[in-house]
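S.K.: As you go down the protein sequences, you meet chains A and B in turn.
If you're matching positions, the first sequence starts at 1422 in this note's numbering and goes up one per residue.
If you're matching positions, the second sequence starts at 6 in this note's numbering and goes up one per residue.
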Amino acid sequence: MDNIPAVANNKTAINSAEFIKLTIYNDYNNTANVTIHTFSSAYSYETIDGTQYSPMGGLLAVGIQQRDIRVTSADTSISLSGIPATDSNNMAIVLGTKIRGSKIEITRGFYNNNFVLANVAHRFTGIVTSYNISEERKNLVDNFTITLNASSYKTVLQNRVAGRKTNGTSWKVFNPTDTSMDNVYSLADKHFDFGVKPTEGATTASTATATNTQTNLTNTNTRGPR
Amino acid sequence: MSGLQTIIDRCNGIKFNRRNVVGIQYTRNEIPRVSQTPTKNPWKITVDMPSSFKYNEARSLMEELDTLDTTTPQLVTFGNNANLQWIWAYQGSLTTSQLNGLTVVSYVGETLTLNGLPTVAATTVMFKKNDLIQINTHPFPFTSTTDVLRGTGSTVTITTSRPNIITNSITGYGITVGTNCQFYMFCPNMPVYKLAPGGYERYGDGKILNNALITWSDSFYFYEFVGSA
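(1) Hey, could you find the ends of the beta strand (DSSP E) A/Ala1438 is sitting in?
(2) Name the residue from A/Val1577, A/Met1602, A/Arg1581 whose alpha carbon lies nearest to the alpha carbon of A/Asn1649.
(3) Where does A/Ser1573 land, buried or exposed, given buried means 16+ other C-beta within 10 angstroms?
(4) Using a Cβ-Cβ distance cut-off of 9 Å, determine whether A/Ala1438 contacts chain B.
(5) Which same chain residues end up closer than 6 Å to B/Lys199 when comparing Cβ atoms and leaving out the 5 residues on each side of it in sequence?
(6) Taking only the alpha-carbon atoms, compute the straight-line gap between B/Asn194 and A/Thr1452 and give it to the nearest angstrom.
(7) Taking the beta carbon of A/Leu1608 as the centre, do at least 16 other beta carbons fall within 10 Å, making it buried, or is it exposed?
(8) May I ask you to list, following chain order, the residues of the stretch 1507 to 1541 of chain A that have a beta carbon less than 7 Å from some beta carbon of chain B?
(9) When the distance is taken between beta carbons, is B/Val52 closer than 9 Å to B/Ser224?
(10) In this structure, does DSSP put A/Ile1567 in helix, strand or coil?
(11) Per DSSP, which one or two residues make a beta bridge with A/Phe1545?
(12) Could you work out which residues of chain A lie near B/Val182, taking near to mean beta carbons separated by less than 7 Å?
(13) To which residues does DSSP link B/Lys20 through a beta bridge?
(14) Suppose you measure from the CA of A/Ala1438 to the CA of A/Ala1495; what does that come to, to the nearest Å?
(15) Which residues in chain A sit within 7 Å of B/Glu115, going by Cβ to Cβ distance?
(16) Can A/Ile1567 and A/Ile1548 be called in contact, C-beta distance under 9 Å?
(17) Once the 5 residues before and after B/Asn85 are set aside, which same chain residues still bring their CB inside 8 Å of it?
(18) Note down, one range per segment and in chain order, each alpha helix (DSSP H) of at least 4 residues found wholly within the stretch 29 to 100 of chain B.
(19) In the stretch 139 to 172 of chain B, which residues sit with their C-beta less than 7 Å from some C-beta in chain A, listed in chain order?
(20) Using a beta-carbon distance below 9 Å, is A/Ala1482 in contact with chain B?
(21) Could you tell me which chain B residues have their CB closer than 7 Å to the CB of A/Ala1463, listed as they occur along the chain?
(22) Output the distance between the C-alpha atoms of B/Ile138 and B/Gly183, rounded to the nearest integer angstrom.
(23) Taking the alpha carbon of A/Asp1470 as the reference point, which residue from A/Thr1518, A/Gly1522, A/His1543, A/Leu1516 has its own alpha carbon closest?
(24) Just by C-beta distance, which residues in the stretch 1447 to 1475 of chain A are closer than 8 Å to chain B?
(25) Report yes if the C-beta distance between B/Thr172 and A/Ser1462 is below 9 Å; otherwise report no.
(26) In chain order, what residues of the same chain have a beta carbon less than 8 Å from the beta carbon of A/Thr1518, not counting five sequence neighbours either side?
(27) Less than 9 Å between the C-beta atoms of B/Asn185 and B/Thr100, yes or no?
(28) Tell me which residues of the stretch 19 to 41 of chain B have at least one Cβ-Cβ distance to chain A shorter than 8 Å, keeping chain order.
(29) Is B/Asn185 helix, strand or coil by DSSP?
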């Protein structure tokens, strides 16, 4: 467990700021092709782990991050200014880039009494699952707010489907010459009375056919053909 | 003199708000716990205006305020009107030339270190609590939170009212103190004006100048434009 001196021993006064790192993957096939935006609620530029965080990044609010003893799949949200600033155009970031699927890392920085960054603690890592741009117009005051909703990596892993089915079609996706599952169709749902003389025409309710497509990969049932 | 500066020069009440963004909780056994976000802690000044402006004298002011609207910042100072110069008057004992010789060594967090110190007695008070200080060409002033004596070293350290919010390097810059400091403010609530009966003037020939008195819809809420610090 992280030991954070700034909050250890039941401190009664804490100075802290939120630091957000948003990594946008420009090309799904090239994870090195990324654009990184960093911003914070701090009063000045701060460098954490070699990354400089801008105090003018348009950060308005950071949602709660659930803290549990067990690993949880809690979500969080980040609100950004919708007004184009001189150093970043948050509207363009959201609308003009592949913002969904971007990686979000939230770090909390703790300051000493002289307002110098003393410690940091990582709080959240997840991906952007959706965004929302809202306009609030009241009389002559017109403000935009961008909200990025992020899910933790646990949610991402929960929803991930991996592996392949034990039928010929699925098997050949990875290796077209692999014939090791070709006979599965004829064996599927066959009833075998072991020790008893085989009977011609055993009934079957098989729905497995050779026309199974790759879409079966997305089915969560990976136990085998039916 | 124009716009927001005129408002300061002609006001009849000023309220300074320098409070920070904080969170406070009281536990069941009544122990307070506080947290603070280290923001740029901008100056927030509420300025009250009298309703004695005559319309024919305030037309340029009204146009200037309408042009600034609620978004445009402007430099203001409390030294423009000689009658207001006492508000942020320098309380230390250094002369103007001695103050002009001071330069910034570093400004980290709330600790400002200066050199270029004059040859004066070690007990000379350089700054008193609440003395206003500004880094030259950076109109984002702050105050000294303690009395600062000359001492015997080559540098002095000042604890400032807010951390260093200036983003570019200021090493070697001089400082401005007291009433000469400038504030870079905008007025997000920019009050509107109403013409009320009054202000008539009768000329010697008996003719009457039609006129009105200006009343403002609200106090002027000045907010420091720290985004460009």
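Where a beta carbon is used, it is the ideal one built from N, C-alpha and C, also for glycine.
M.R.: To lay it out plainly:
(1) 1434 to 1448
(2) Outside the shown range of chain A, which is 1422 to 1647, sits residue 1649 of chain A, and nothing can be said about it.
(3) buried
(4) yes
(5) Thr220
(6) 47 Å
(7) exposed
(8) Tyr1532, Asn1535, Phe1536, Val1537
(9) yes
(10) strand
(11) A/Ile1527
(12) The premise fails here: B/Val182 is roughly 22 Å from chain A at the closest Cβ pair, so nothing lies under 7 Å.
(13) B/Thr51
(14) 21 Å
(15) Asn1535, Phe1536
(16) no
(17) Met6, Gln10, Ile13, Asp14
(18) 60 to 73
(19) Pro168, Asn169, Ile170, Thr172
(20) no
(21) Pro43
(22) 6 Å
(23) A/His1543
(24) Ser1462, Ala1463, Tyr1464, Ser1465, Tyr1466
(25) no
(26) Ile1445, Asn1447, Thr1456
(27) no
(28) Ile36, Pro37, Arg38, Val39, Ser40, Gln41
(29) helix
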